[in-house]
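**Student:** Chains A and B supply the protein sequences, listed in that same order. Counting from 1, one number per residue, gives the positions in the first sequence under our numbering. Counting from 1001, one number per residue, gives the positions in the second sequence under our numbering. Backbone N, C-alpha and C define an ideal beta-carbon position, used for all residues, glycine too.
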Amino acid sequence: MKFNHFHLAVAGLAAAAISLSAAAQKKYDPGATDTEIKIGDLKPYSGPASAYGTIGKAIAAYFDKVNAEGGVNGRKIKYISLDDGYNPAKAVEQSRKLVEEDEVLLIFNSLGTPSNTAIQKYMNQKKVPQLFVATGATKWGDPKNFPWTMGWQPTYQTEGKIYAAHILETKPNAKIGVLYQNDDYGKDYLKGFEDGLGDKAKTMIVSKVSYEVTDPNIDSQMVTLKGSGADTFFNITTPKFAAQAIKKAAEIGWKPTHYLNNVSSQVGSTLKPAGLENAVGIITTQYNKDPTDPQWANDKAFLDWKAWMQKYYAGGDLTDASNVYGYSAAMTMVQVLKQCGDNLTRENVMKQAANLDMVLPMALPGINVKTGPNDFYPIEREQLARFDGKTWVLFGKVYDASSN
Amino acid sequence: MSRTRWVWIGWALLLVAAVVLPFLVKNYRVFQFNLVLVYAVAILGLNILTGFNGQISLGHGAFYAIGAYGAAVLMDRVGMPYWATLPLAGVLCFVLGFLMGFPALRLAGHYLAVATLGLALAVPQLLKYKHLEAYTGGVQGIVLVKPDPPFTFRFLGQPFNADRWLYFFTLAVTIVMFVLAWNLLRGRVGRALIAIRDHPIAAAVMGINLPLFKSLTFGVSAAFTGVAGALGAIVIAFVSPDSFLITLSIFLLVGMVVGGLASIPGAFFGAIFIQFVPNIADELSKSAPAAIYGVLLIVLMYLMPTGVMGMVRKLWARWQPGAARLRVNVNPGAPVPVSPDLTKESTT
Chain A
1 MKFNHFHLAV AGLAAAAISL SAAAQKKYDP GATDTEIKIG DLKPYSGPAS AYGTIGKAIA
61 AYFDKVNAEG GVNGRKIKYI SLDDGYNPAK AVEQSRKLVE EDEVLLIFNS LGTPSNTAIQ
121 KYMNQKKVPQ LFVATGATKW GDPKNFPWTM GWQPTYQTEG KIYAAHILET KPNAKIGVLY
181 QNDDYGKDYL KGFEDGLGDK AKTMIVSKVS YEVTDPNIDS QMVTLKGSGA DTFFNITTPK
241 FAAQAIKKAA EIGWKPTHYL NNVSSQVGST LKPAGLENAV GIITTQYNKD PTDPQWANDK
301 AFLDWKAWMQ KYYAGGDLTD ASNVYGYSAA MTMVQVLKQC GDNLTRENVM KQAANLDMVL
361 PMALPGINVK TGPNDFYPIE REQLARFDGK TWVLFGKVYD ASSN
Chain B
1001 MSRTRWVWIG WALLLVAAVV LPFLVKNYRV FQFNLVLVYA VAILGLNILT GFNGQISLGH
1061 GAFYAIGAYG AAVLMDRVGM PYWATLPLAG VLCFVLGFLM GFPALRLAGH YLAVATLGLA
1121 LAVPQLLKYK HLEAYTGGVQ GIVLVKPDPP FTFRFLGQPF NADRWLYFFT LAVTIVMFVL
1181 AWNLLRGRVG RALIAIRDHP IAAAVMGINL PLFKSLTFGV SAAFTGVAGA LGAIVIAFVS
1241 PDSFLITLSI FLLVGMVVGG LASIPGAFFG AIFIQFVPNI ADELSKSAPA AIYGVLLIVL
1301 MYLMPTGVMG MVRKLWARWQ PGAARLRVNV NPGAPVPVSP DLTKESTT
């Protein structure tokens, strides 16, 4: 009898301990409950950068899939994505709506360097995660000053360094012409590129010209670049201008070794309008599998992605790399939420985001997502690819900029 | 009770509503109302020029930007208190507006519109100019510190915080600006402006100094919009060239037309439109918010071809006895010009 009582007492204590620890584990900040996790986002569905709106739709479609399959640890994701029209003033207003009115747990993948700059201070004051922002500016990986902000994609500087490394390896006497957009994004690329060239930057770069995002075209810049006698061209432009530059170079008969920033490497929205025949031989970097690349046609990850697109985002363009971007970014977000378990506080979200080591199925082989308490740069590896008239063909090694 | 007393009671009720409103809603809404007030002042500035004086400007976003940057640079680099930057921003924009208005005198109608368009296109790029970067922060813009309230209390269970303090600050400035505009436009000056708009030759014959009046109007109008820009910078606590693209100038123009040309209170309706309608469009469709916005604008212009205030006036005239209509007609200096010939501009 005594033995039985003892057993009962132990069982009771154990049960109490379990329920206590369960209660202690379940921790919520605004935006998280037993059944739901609210995630906010800002995307330019209207305005000059509206082509990127499809990323938001892809993310929504991926969360739909996660929800249809039971959610994350039993919680459904509620994704609230607002239009900021690529206007920083609007971004401030919309982020305040997300944080104060919709009470989201975090803001995820907000797009554009100006918009994210405008809200960074606010987000850090409010201690709301500004997670995996959709811009490659280098300044998002600064955990000391902005512990609530983190980037996702390889930074522009990283990419610029990789092109510089490739030029130094293959064509050390190149005469380089650079065309860049006159804003943070353009200058960030340029800085990485010049840093990568090191002392030789001054002599190798023979011409640097810029344009404004509001310019109608860049024809005169292209003529200037050709006139400088450059035999290598680093093209730091957004899709519309990239298409114009490729087309114009062909029209004026300028045939440099052409490096095109990854920002504009989409076949559908950049190379097709420029004329595929004009784009042959262009070099870019990649970290995601390009949906138009036939070598992935029978790849399991690609087939999964395609099946998901057809089921959850039927209106989406199957050749648009932005839809891969949204898919992979959303997947990273879900991984963070999974790791958070029942502790869905904003602090724990940042802690888990800074504790990632995963492989995204749609990332190229050898490219991983890795973060640490002092490493707020999730993706830091890229590979070069050359356009063959139909698709990007990968070549060379995987460059790892984190070791640079 | 007399008519004037009713008007005063109406104003008092409106003021009470404006004072209580921020304590009834969340912070984020307070911030939005704050922006409405800012846009109302900016639209009022444009309306002085376009609605009352008949000079079309597609470049008022530039003055808004200059006001905003003026305030931001003074706060960030010089360390000036936020409230002191407003008059300076106003003076700066007045001078620039006057100088812009001076050569613009040779241009009439659409030609002036194109010249001002040039201004709106140039300013965002000039803000990125390398040699100004030390002040403007270049493409990165300037991040500002939101001013703290000078004292705190609780009302209706809501704390008096930075957003609410700024709302009252903006409200006070807005009231001052509207009273200034009202005083300016209801008397001799207002009549002169309208005369220049409706019949410049007749106005000149009557002894109105056309060049001086037109330039001054441009300056005053720019000053109003510049003060609004400075307020906007303080409220949003961030300025960058991308905040002041050509679309801003267009939206101000849209707000003015929607609210009602040559109408002082119309500026509020216009401000409400440009603040909230894009959000509504975004909520209706993620695929084509711009198309929804366009459709809403077209529908509104068909329903209210003379803007919200034009509609209000029409309804007012219909409900008034004949005598009252006549009384308003013979008084062109009334704060709200109602006679049909004064609103002609908006229907052509």
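Count the other CB atoms, across all protein chains shown, that sit within 10 Å of the CB of Leu-1037/B; report buried if there are 16 or more and exposed otherwise.
**Tutor:** Buried, because 16 or more other Cβ atoms sit within 10 Å of the Cβ of Leu-1037/B.
**Student:** Going by alpha carbons, who is nearest to Gly-1255/B out of Leu-1013/B, Trp-1006/B, Phe-1031/B, Gly-1045/B?
**Tutor:** That would be Gly-1045/B, whose Cα lies nearest to the Cα of Gly-1255/B.
**Student:** Do you know whose CA, among Gly-1219/B, Ala-1072/B, Pro-1265/B, Arg-1318/B, lies nearest Ala-1134/B's CA?
**Tutor:** It is Ala-1072/B whose Cα lies nearest to the Cα of Ala-1134/B.
**Student:** Any idea if Trp-392/A is buried or exposed, counting beta-carbon neighbours within 10 angstroms, 16 or more meaning buried?
**Tutor:** The residue is buried, with at least 16 neighbouring Cβ atoms inside 10 Å.
**Student:** Using DSSP bridges, identify the partner residues of Gly-40/A.
**Tutor:** DSSP output for Gly-40/A lists Ile-80/A, Ile-107/A as bridge partner(s).
**Student:** Cutting at 6 Å between CB atoms, please list the residues of its own chain near Val-1143/B, excluding the five before and the five after it.
**Tutor:** Contacts found: Phe-1238.
**Student:** In three-state DSSP terms, what is Leu-179/A?
**Tutor:** Strand, per DSSP.
**Student:** Quick one: is Leu-82/A near chain B, going by C-beta distance under 8 Å?
**Tutor:** Closer than 8 Å to some Cβ of chain B, the Cβ of Leu-82/A qualifies, so yes.
**Student:** Quick one: does Gly-40/A have its CB under 8 Å from some CB of chain C?
**Tutor:** Among the protein chains in the structure shown, which are A and B, there is no chain C.
**Student:** Within this structure, are the beta carbons of Thr-319/A and Val-267/A separated by less than 8 Å?
**Tutor:** Yes, the pair counts as a contact, with Cβ atoms nearer than the cut-off.
**Student:** What's the call for Lys-390/A, buried or exposed, on a 16-neighbour Cβ count within 10 Å?
**Tutor:** So Lys-390/A ends up on the exposed side.
**Student:** Take Thr-135/A as the anchor and find which of Pro-129/A, Ser-115/A, Pro-147/A has the nearest alpha-carbon.
**Tutor:** The candidate whose alpha carbon is nearest that of Thr-135/A is Ser-115/A.
**Student:** Using a Cβ-Cβ cut-off of less than 7 Å, give me the residues of the stretch 1279-1300 of chain B that come near chain A, in sequence order.
**Tutor:** Going along the stretch 1279-1300 of chain B in chain order, one finds Asp-1282, Lys-1286, Pro-1289, Ala-1290 with a Cβ nearer than 7 Å to chain A.
**Student:** Which runs of the alpha helix (DSSP H) spanning at least 4 residues fall entirely within the stretch 234-299 of chain A, listed in chain order?
**Tutor:** 239-251, all fully within the stretch 234-299 of chain A.
**Student:** With a Cβ-Cβ cutoff of 8 Å, do Phe-1033/B and Leu-1021/B count as a contact?
**Tutor:** Contact flag set, yes.
**Student:** Is it right to say Met-123/A is buried, meaning 16 or more other beta carbons lie within 10 angstroms of its own, or is it exposed?
**Tutor:** Buried is the call here.
**Student:** Using the beta-carbon count (16 or more within 10 Å), is Ser-1346/B buried or exposed?
**Tutor:** The predicted position of Ser-1346/B is uncertain, since its pLDDT is 42 and thus under 50; no value can be drawn from it.
**Student:** When you compare each of Asp-357/A, Pro-256/A, Lys-57/A, Val-92/A to Gln-452/A by their alpha carbons, which one comes out closest?
**Tutor:** Missing from the structure shown is residue 452/A; chain A here goes from 1 to 404 and no further.
**Student:** With distances taken Cα to Cα, identify the nearest neighbour of Pro-239/A among Gln-310/A, Gly-229/A, Val-213/A.
**Tutor:** Considering only alpha carbons, the answer is Val-213/A.
**Student:** List the residues of chain A that Asn-1027/B touches, going by C-beta distances under 7 Å, in chain order.
**Tutor:** Chain A residues near Asn-1027/B: Glu-100.
**Student:** Once you ignore the five residues that flank Gln-352/A on each side, which residues in its own chain have a CB closer than 7 Å to its CB?
**Tutor:** Excluding sequence neighbours, Gln-352/A sits near Val-336, Gln-339, Cys-340.
**Student:** Distance, Cα to Cα, Ala-1068/B vs Ser-1243/B?
**Tutor:** If I take the Cα positions, the gap works out to 10 Å.
**Student:** Which value, in whole angstroms, describes the spacing of the CA atoms of Gly-1010/B and Val-1016/B?
**Tutor:** One C-alpha to the other measures close to 10 Å.
**Student:** Just the C-alpha distance for Val-1299/B and Ile-1246/B, rounded to the nearest angstrom, thanks.
**Tutor:** Approximately 24 Å between the Cα atoms of the pair.
**Student:** For Leu-105/A, does the count of other Cβ atoms within 10 angstroms reach 16, so buried, or fall short, so exposed?
**Tutor:** When all chains shown are included, Leu-105/A counts as buried.
**Student:** Taking the Cβ atom as the reference point for each residue, do Leu-1156/B and Phe-1023/B lie within a distance shorter than 8 Å?
**Tutor:** Yes. Within cutoff.
**Student:** According to DSSP, simplified to helix, strand and coil, what is Asn-343/A?
**Tutor:** Strand.
**Student:** Per DSSP, Lys-370/A forms a beta bridge with which residues?
**Tutor:** The partner list for Lys-370/A (beta bridge, DSSP) reads Asp-357/A.
**Student:** So which residues of chain B does Gly-56/A contact, with C-beta pairs closer than 8 Å?
**Tutor:** In chain order: Lys-1286.
**Student:** How long is the line joining the alpha carbons of Lys-78/A and Ala-274/A, rounded to whole angstroms?
**Tutor:** Taking the straight line from one Cα to the other gives about 39 Å.
**Student:** Distance, Cα to Cα, Ala-118/A vs Asn-87/A?
**Tutor:** Cα-Cα distance, rounded: 9 Å.
**Student:** State the Cα-Cα distance for the pair Ala-32/A and Val-1139/B, rounded to the nearest angstrom.
**Tutor:** Using only the alpha carbons, I get a separation of about 36 Å.
**Student:** Ile-1056/B to Leu-1253/B, Cα distance in whole Å?
**Tutor:** Using only the alpha carbons, I get a separation of about 9 Å.
**Student:** What number of angstroms, rounded off, separates the C-alpha of Leu-1074/B from the C-alpha of Val-1091/B?
**Tutor:** For Leu-1074/B and Val-1091/B, the distance between alpha carbons rounds to 14 Å.
**Student:** Note down, in chain order, each residue of its chain lying with its Cβ closer than 6 Å to the Cβ of Thr-371/A, except the 5 sequence neighbours on either side.
**Tutor:** These residues qualify, in order along the chain: Ala-354, Leu-356, Pro-378.
**Student:** When the distance is taken between beta carbons, is Glu-382/A closer than 8 Å to Gln-244/A?
**Tutor:** Not in contact: Gln-244/A and Glu-382/A (Cβ atoms no closer than 8 Å).
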